[in-house]
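Asks:
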Amino acid sequence: MAPQDAVQGWDEDANAEAYEAFTRAHPMYEATSRDLAGRAQLSYADLVVDLCGGAGATARAILDLVPDRARVVSVDNAAAMQRAGRRTLTDARLTWVTAPAEHLAEHVPASGVDAVVCNSAIWKTDTAAVFAAVSRVLRPGGRFAFNIGGGFAGVRHPDEEAVRTGPSLNALIRHAAARIYGRISLSTAGESPFKLPLETVTEQLAATGLAVVDTEVIAQHSTMAEKKAWLSIPVFALPEGDLTHAQRMRILDAAYARTTPDSPTVTSWLVVVAQRPEATE
Ligand SMILES: C[S@@+](CC[C@H](N)C(=O)[O-])C[C@H]1O[C@@H](n2cnc3c(N)ncnc32)[C@H](O)[C@@H]1O
Numbered sequence: 534m535a536p537q538d539a540v541q542g543w544d545e546d547a548n549a550e551a552y553e554a555f556t557r558a559h560p561m562y563e564a565t566s567r568d569l570a571g572r573a574q575l576s577y578a579d580l581v582v583d584l585c586g587g588a589g590a591t592a593r594a595i596l597d598l599v600p601d602r603a604r605v606v607s608v609d610n611a612a613a614m615q616r617a618g619r620r621t622l623t624d625a626r627l628t629w630v631t632a633p634a635e636h637l638a639e640h641v642p643a644s645g646v647d648a649v650v651c652n653s654a655i656w657k658t659d660t661a662a663v664f665a666a667v668s669r670v671l672r673p674g675g676r677f678a679f680n681i682g683g684g685f686a687g688v689r690h691p692d693e694e695a696v697r698t699g700p701s702l703n704a705l706i707r708h709a710a711a712r713i714y715g716r717i718s719l720s721t722a723g724e725s726p727f728k729l730p731l732e733t734v735t736e737q738l739a740a741t742g743l744a745v746v747d748t749e750v751i752a753q754h755s756t757m758a759e760k761k762a763w764l765s766i767p768v769f770a771l772p773e774g775d776l777t778h779a780q781r782m783r784i785l786d787a788a789y790a791r792t793t794p795d796s797p798t799v800t801s802w803l804v805v806v807a808q809r810p811e812a813t814e
């Protein structure tokens with residue numbers, strides 16, 4: 534089963550539209566998707582899965598690298614995200630499947646998939662179940678490339694500290710929220726609800742017969758302006774707690790007013806590439 538909150542928010546049209554517009558206006562999801570697609574060895578692939586594919590930003594990166602004859606299946610739980618994606622992404626090689634990532638094996642042939650790519654989502658899933666499903670569908674030698682947000686994996690790229698010139702937007706949001714709506718409890722605002730360190734990932738992958746072949750902590754360079762646009766997407770808006778989206782946007786505007794729009798920010802990602810071992814004679 535997917536964790537309870539897997540679809541909450543994602544399957545709402547307003548959120549999906551805002552998310553999809555963000556992916557086209559800002560490089561963040563395109564950049565991390567391209568990084569993963571590049572690691573998945575797609576040049577000779579016939580069948581590739583875009584897992585938790587959302588509105589298609591990762592599918593676009595995959596489609597740029599696979600041959601013309603290839604098929605790409607984008608699997609996501611949230612129909613609203615796929616509706617938003619279908620409007621702008623039409624490619625005959627791409628099929629959209631609305632299903633939990635945990636049920637992947639019901640939608641593609643066993644041992645028939647050359648690569649699975651999962652950008653910016655794996656920690657939202659039941660990873661043990663998802664890894665088992667990926668292991669069943671990958672062909673021997675097939676690759677599984679995914680990333681985990683630094684806060685969820687417990688990693689930090691050195692650039693995060695190197696570029697810091699003042700308080701983070703998250704910290705400014707906490708202060709602005711306390712100033713404007715002092716009554717909210719902010720103890721968990723902005724904190725990662727789940728932790729998925731590399732040790733857990735490696736153990737869970739090994740239990741399904743998948744071996745880690747590459748890991749890297751990468752830095753994604755961005756600006757305060759992009760971070761603000763990202764925090765305006767309803768599912769990402771802070772702080773958590775009993776607030777409307779309009780109230781969160783008021784807090785965000787107040788926090789952002791204390792920053793410089795083009796000042797640099799860095800997000801860390803743990804990138805993991807796993808592989809199903811080649812068949813032995
Ligand atoms: C941040 S978006 C990433 C979408 C896409 N990979 C991209 O880079 O733009 C996360 C996506 O994960 C999906 N998701 C979360 N948990 C899921 C699950 N258990 N099964 C399928 N999709 C899931 C959400 O619906 C959402 O579309």
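Quick note: the sequence shown uses the working numbering, first residue 534, plus one each step.
All residues carry an ideal CB built from backbone N, CA and C; glycine is no exception.
In this text the structure is predicted, and so the values were computed from the model without any measurement.
(1) How big is the Cα-Cα spacing for MET757 and ASP568?
(2) Exposed or buried, PRO600, counting other C-beta atoms within 10 Å across all chains shown (16 or more means buried)?
(3) Report the rounded CA-to-CA distance for ALA578 versus VAL630, giving the unit in angstroms.
(4) State yes or no: is the C-beta of ALA654 nearer than 7 Å to some heavy atom of ligand 1?
(5) Can you tell which of ILE595, TRP543 and LEU622 has its C-alpha closest to the C-alpha of ARG557?
(6) Which two residues bound the contiguous alpha helix (DSSP H) that contains HIS708?
(7) Under 8 Å, do GLY683 and SER801 count as touching if we go by C-beta distance?
(8) Pull up the distance between the alpha-carbon of ASP775 and that of ALA549, whole angstroms please.
(9) Look at the alpha carbon of VAL667 and the alpha carbon of ASP583, and state the distance between them as a whole number of angstroms.
(10) Measuring only between beta-carbons, confirm whether GLY687 sits less than 8 Å from chain B.
(11) Using only alpha-carbon positions, find the residue among ARG616, ALA787 and ALA590 that is nearest to TYR714.
(12) In angstroms, rounded to a whole number, what distance separates the CA positions of ASP747 and ARG783?
Replies: Once the coordinates are examined:
(1) 22 Å
(2) exposed
(3) 19 Å
(4) yes
(5) LEU622
(6) 702-713
(7) yes
(8) 21 Å
(9) 11 Å
(10) No chain B appears in the structure shown, which is made up of a single protein chain.
(11) ALA787
(12) 42 Å
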